[in-house]
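>
Residue numbers (my numbering): 16 to 135.
1) Run through the DSSP bridge pairs and tell me what residue 116 is partnered with.
2) Quick check on this structure: which residue in 112, 72, 41, 60 has the alpha carbon closest to the alpha carbon of residue 133?
3) Shortest alpha-carbon distance to residue 108 belongs to which of 66, 76, 49, 78?
4) Output the boundary residues of the beta strand (DSSP E) element that contains residue 87.
5) Tell me the rounded alpha-carbon separation between residue 56 and residue 49.
6) Is the beta carbon of residue 63 sitting closer than 7 Å to the one on residue 113?
7) Name the one or two DSSP bridge partners that residue 102 has.
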């Protein structure tokens with residue numbers, strides 16, 4: 016019997032009344048300011064590759080070699096010893112010829128200000 020009464024009490028409709036809420040203001044405004052800072056670090060690495068280079072140039076110079084300058088047996092001789100002479104040789108292995116590393120830092124500051132106005 017107690018269970019039946021409890022079940023009827025739970026299933027019977029009940030009256031719910033809401034109280035009216037009246038705000039205590041008529042107008043108003045609100046300011047909001049948001050400030051953000053963003054930091055970006057950019058790193059860049061550049062590598063330049065080159066082929067093997069074995070060259071020579073000069074004036075008043077003669078060269079004798081069985082395999083050219085890269086063979087290792089090149090002999091350079093001044094042609095006329097009474098005249099000025101120049102000799103320039105370039106020997107470079109294949110691979111990285113240049114490497115550059117860059118680091119850039121960016122700091123971005125942002126400020127947003129908003130105004131909200133409301134009335135009743």
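Note that CB positions come from ideal geometry on N, CA and C, so glycine has one too.
Predicted, not measured: the structure shown is a model, and the values here were computed from it.
Concretely, from the data shown:
1) Here residue 116 refers to the residue found at position 101 when the chain shown is read from its first residue. In the DSSP assignment, residue 116 is bridged to 60.
2) Counting from 1 along the chain shown, the entry for residue 133 is found at position 118. It is 41 whose Cα lies nearest to the Cα of residue 133.
3) Here residue 108 refers to the residue found at position 93 when the chain shown is read from its first residue. The residue with the shortest Cα to Cα distance from residue 108 is 66.
4) Start at 1 with the first residue of the chain shown, and residue 87 comes out as number 72. Unbroken run through residue 87: none, as it is neither H nor E.
5) Along the chain shown, one-based indexing puts residue 56 at 41. Along the chain shown, one-based indexing puts residue 49 at 34. About 23 Å.
6) Working through the chain shown from its first residue, we reach residue 63 at position 48. Working through the chain shown from its first residue, we reach residue 113 at position 98. Yes, the Cβ-Cβ distance between residue 63 and residue 113 is below 7 Å.
7) In the chain shown, counting from the first residue as 1, residue 102 sits at position 87. Bridge partners of residue 102: 73.
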